[in-house]
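In the working numbering, the protein residues as written are 206 to 268.
Note that beta-carbon positions come from the ideal geometry of N, C-alpha and C, so glycine has one too.
One structure below.
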Amino acid sequence: MNVNWHDLFNALALVLILEGLLPFASPSRLKQTYAQLLNLPDKTLRSIGLASVIAGILLLFVI
Numbered sequence: 206m207n208v209n210w211h212d213l214f215n216a217l218a219l220v221l222i223l224e225g226l227l228p229f230a231s232p233s234r235l236k237q238t239y240a241q242l243l244n245l246p247d248k249t250l251r252s253i254g255l256a257s258v259i260a261g262i263l264l265l266f267v268i
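Quick look at the structure:
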């Protein structure tokens with residue numbers, strides 16, 4: 206398998222940009238969101254994580 210490092214680093218850069226948007230735009234809202242996440246059951250968090258992974262895999266196959 207030949208890795209295209211340019212594409213890999215572009216993807217990583219995009220992840221960092223997207224992950225940094227909410228803390229930059231609204232740090233107080235981010236804190237509120239994290240506080241709400243602490244109250245969710247583990248099963249719910251796992252379901253959200255699984256849905257995110259599946260959505261990402263599907264997007265990779267579509268692109």
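{"query": "Determine the contact status of Leu227 and Leu235, defining contact as a CB-CB distance below 8 Å.", "result": "yes"}
{"query": "With distances taken from CA atoms, which of Ala230, Ala216 and Trp210 is nearest Ile268?", "result": "Ala216"}
{"query": "Consult DSSP for Val208 and reduce its assignment to one of helix, strand or coil.", "result": "coil"}
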